[in-house]
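In my numbering, the protein residues as written are 27 to 1233. All C-beta atoms in this analysis are idealised placements derived from N, C-alpha and C, irrespective of residue type, glycine included. Since the model is a prediction, treat every value here as computed from it, not as a measurement. Read through the structure below, which is laid out as structure tokens, and then see the notes.
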């Protein structure tokens, strides 16, 4: 066998020594002319044997038709080897083996290998591997025999070198058989064995076998069955212990003419004969029989053989095993009727739809096993004998009925490959059907051009990160490496957006991968990013700025092709914006949704398909951050819905240093989204094509159903939390696997080359071209600095304009105020309003304005402010917990039908006349929404809305001011600092009920001190209005002035107080007063009290009751920031050198410390009267509260000295 192959090479070497590989040339040069290699190990020292006696020449029988042709060269050598083998004392064992299990498991294996390795597994691969495994159980089969120097010896081998008989084409149509071997195969798992087997076949067919490939064969497999041979007795070569031959695979001869339907009904499968020819000098017949028996058992699925194979190939299914058929053909006990079997198949189909995703190969590192007993045939009483039987497909296949094998194959291909989909928890049958119809069809395939684009995006993602890593060593950038498929996912989303006619795609994400998204999705020039690394000051910088991986940008995506909405060719553009974000993970999510809603409202997008948000999350943050749940719960709410969000979880399976089992209780990071019945597409981050398929499918679902959808891209993080962090300290196993894992681009490029979609040169050129462009951009920025950055750098708003503008007019004509009152207080008769509301709210308010009652209270002042702005065309949006009625029943912006609960919002119908029932109702732009019980999510949403909407007055009210601390992140990171960090301007107003009324620690303080601590650089306005008219003017001022956030500490006990009410005339003149003078003070005063908010009325009440002539002046500080220093100085005059600051908050709270600092800068000394510093903002005892309050008021009014009082 090998002799003929060697002879061919030797003949070539004789003619031209350079025509054969170097190893063969060296071998021939060192060998005698008549020596050819055999299967013995070259370095083994052999003892010369006596020449075998040649057989006597035979006397020929004369036949006129014969011609004697001498055997020469190769043919002669083969004949000599065969003659020599007759001297070996061999014996043979034979066994017939059923191959049903082998056949079915091979089908599963090939369905996975085709996708992952572009390879096929033959029967011989599995048979050969079974031979190796069986030889470890029956080691005698690996023995050899040799005539040693002192006599015959048995060769006991540590390693098993499996020879493979490979048939190769020869000259003139002849065939050549070679037997190279796989070395030390006993130590290999199936994947290693499979790869070594294929490498050996490839070398043989390409003529690249070396002498080493033939050396040391210990056991051989030959397969004459491939030529139709039923059984064979092959010859054993010197020093080999065993040669195994396999026969043809087919039905037993007696059944070859049987109809397929009968074969299926009877459960008759194919068989294969196997022979073991062994050296009887060292191997006994019992051992050979045991060997074939063990191979038989392995190929039938015993001893975990296929489990090991599946595990090595990462196939997430239970393999088939040989079990008894449960057919009812012969009515045996324990069998299933046809109806029962059909029912079981239906149950299995349902199980795959519900739980199939659990078996999907979505983890690139594959650190966790994937099995589920409910997806095993055994759980349903089904066997491999049912695979050929036909059942109803129940929509899995286009056909009504099909063989169970096809049904099961489609289910596995749909739900258990490299993408798994969770959707059966959705309540709507229509949506579940949509998913089934779109998933259980032939998978979307990509053209060569589409594959080139996907490869280009993956290449850009990887190359950009590696370029930064090389050129800016040690810089933090929060690389996306390991999750590069985020870029093709976003690119595919942009393409889908264009095809559906979307105008804007608004993206929110944290810092990981942000630079890559900016460069390769949004289109921010890389020169601008390199300038940030070089710390070059650019023209676009403003305020304090922020680190580069927090910045946002805007760009434009151009597309042309056949659209989904018109089914015609078109050229379109999509505006894409990446929102700025702080390091607080997920904080930007509600902000992006608020911004999206504002854009939809601006363009009149009621269907909410022209502006689409995409939120990118980390796995640990998505599972752990409460704001995620708050944001998800907004998705279906009228006041906050954006028509669905596409969520992408970059699931790198770690949170800083925390593993998933310590970061969440749920199985998956996305499980929190089940609360809103959100479908999840979980996809392997190493498969760019499936990632793009997931993106296209997710976007389509979002556009068709206007609901949230999640893409959970399972990947890994190549480095630590940042590039300077060492992750191996805490995750040694994970990072050992990561360090050994090829990159996404490497895997995909190799696959495309194996598929012959591209050549190696083509895929390399894509990377080299992009790298060269990055190199040129960096060179330009280093040479030219800021001038190298294109003008269209895509940054968000520029420098802050701080030019003072003329104070807008906030007073309103009396007639207009009465007109508004008329519209919002009459009984519209379209709803049956609660009688008490009519009497205590509507009629009372009519009297305030139309009949000049006791004055206008806070609720009516607020209503008049909104109404007047609406009539000027300024939209108003008000949201928060219970804002429709108001926590303290003071607003009643929404009225409800007393019978059926229908809402009616008077401010939406300002143009309808009471007496003109025929006039159509013309809605104004007033929107009021009772929010979900959330602070951070809702405030973030309103902030985002206010940033994007250029004109709207956007207001968020806390149920109690104390509760705003649940939204502290939004206040600190966005409202207080968004302008100086990012140039992001907002007009959002916060109404925070505040005041010490004896309601305890959680219902008293809106934490004035915290807001004042955040105040600097004219970043916001903070006010504490003591009268309704002040609130009226301030709200109108906020809507008309350039964008700045506003914080108003509103009141509780003063809301309906007659003594605090404002006269109608005050609404028609003047404006907001930052400080209010004391009109009741005597001309000559000895003491000046400065206070803010409700406590003024406590002081005024006590002064009128007990100290009407006291030489005290009480000034009200209505605006705390910007501090009105000029107005206060003018009011105090030059002689006042000290003031008494009175507050009801503790000394370490309220405005005291802030005001003290402000007054010190004016050279005015401050004396404090108020509660002593306290850990808790207020007492829980009403008795104690009243005593404290009374002491504060009396001390402030009776003590003329400068003594401080800390009550």
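* Which word fits residue 477, buried or exposed, when buried means at least 16 other C-beta atoms lie within 10 angstroms of its C-beta? -> buried
* State yes or no: is the C-beta of residue 429 within less than 8 Å of the C-beta of residue 414? => yes
* Applying the criterion that 16 or more other CB atoms from any shown protein chain within 10 Å of the CB defines a buried residue, is residue 1210 buried or exposed? -> exposed
* Below 6 Å CB to CB, which residues in the same chain sit around residue 719 once its five sequence neighbours on both sides are set aside? => 470
* Asked: Using DSSP with H/G/I as helix, E/B as strand and the rest coil, what is residue 1004?
  -> helix
* Asked: Considering only C-alpha positions, which residue in the set 216, 716, 613 is nearest to residue 387?
  -> 716
* Inspect the CB distances between the region 585-596 and the region 493-512 and report whether three or more fall short of 8 Å. => no
* Length of the line joining the Cα atoms of residue 186 and residue 515 -> 48 Å
* By the 10 Å Cβ neighbour count, where 16 or more other Cβ atoms means buried, how is residue 1030 classified, buried or exposed? -> buried
* **Local conformation of residue 942 per DSSP, three classes** => For residue 942, the pLDDT reaches just 46, beneath the cut-off of 50, and the residue's location in the model is therefore unreliable, although a value from the coordinates is still provided. Correct three-state label for residue 942: coil.
* Asked: In whole angstroms, what separates the C-alpha of residue 602 from that of residue 522?
  -> 13 Å
* **Burial state of residue 270, where buried means 16 or more other Cβ atoms lie within 10 Å** => buried
* To the nearest angstrom, how far is it from the Cα of residue 1237 to the Cα of residue 928? -> For residue 1237 there is no data in the structure shown, the boundaries of the chain being 27 and 1233.
* **Alpha-carbon to alpha-carbon, residue 590 and residue 945** => In this prediction, residue 945 scores a pLDDT of 40, lower than 50, which makes its location untrustworthy; the coordinate-derived value is nonetheless stated afterwards. The straight-line gap from Cα to Cα measures roughly 41 Å.
* By how many angstroms is the C-alpha of residue 208 removed from the C-alpha of residue 223? -> 7 Å
* To do: Could you tell me whether the Cβ atoms of residue 47 and residue 236 are closer together than 8 Å?
  => yes
* residue 492, enclosing alpha helix (DSSP H) - first and last residue -> 474-497
* Is the Cβ-Cβ distance between residue 778 and residue 789 less than 8 Å? -> yes
* Asked: What's the call for residue 499, buried or exposed, on a 16-neighbour Cβ count within 10 Å?
  -> exposed
* Asked: In this structure, does DSSP put residue 399 in helix, strand or coil?
  -> helix
* Asked: Where does residue 206 land, buried or exposed, given buried means 16+ other C-beta within 10 angstroms?
  -> buried
* Near residue 836, what residues of its chain come up, given a Cβ to Cβ distance below 6 Å and the 5 sequence neighbours on each side ignored? -> 1059, 1062, 1063, 1097
* Stretch pair the region 457-471 + the region 396-406: three plus CB contacts closer than 8 Å -> no
* **Distance CB(residue 575)-CB(residue 503) smaller than 8 Å** => yes
* Cutoff 6 Å; reference residue 1230; Cβ partners in own chain excluding five residues on either side -> 1193, 1194
* To do: Taking only runs that begin and end inside the region 1151-1177, name each unbroken alpha helix (DSSP H) of 4 or more residues, in chain order.
  => 1151-1158
* Where DSSP assigns a beta bridge to residue 736, which residues make up the other side? -> 673, 706
* To do: Please name the residue, chosen from 1206, 1159, 1144, 1212, that lies closest to residue 1181 on a Cα-to-Cα basis.
  => 1144
* Asked: In chain order, what residues of the same chain lie with their CB nearer than 6 Å to the CB of residue 963, ignoring the 5 residues before and after it?
  -> 616, 653, 656, 657
* **Touch test, the region 1088-1106 against the region 1136-1155, Cβ-Cβ under 8 Å, three pairs minimum** => yes
* **Per DSSP, the bridge partner or partners of residue 923** => 859
* **Residues of its chain near residue 1084, where Cβ-Cβ distance is below 6 Å and the 5 sequence neighbours each way are ignored** => 880
* To do: Grab me the residues of residue 133's own chain with a C-beta within less than 8 Å of its C-beta, minus the 5 sequence neighbours each way, in chain order.
  => 431, 435
* Asked: Between the Cα of residue 525 and the Cα atoms of 555, 408, 109, 599, which residue gives the shortest distance?
  -> 599
* Could you check how far apart the C-beta atoms of residue 306 and residue 117 are, in whole angstroms? I think they sit under 8 Å. => 5 Å
* Ordered along the chain, which non-local residues of its own chain (more than five positions away) have a Cβ less than 6 Å from that of residue 923? -> 857, 858
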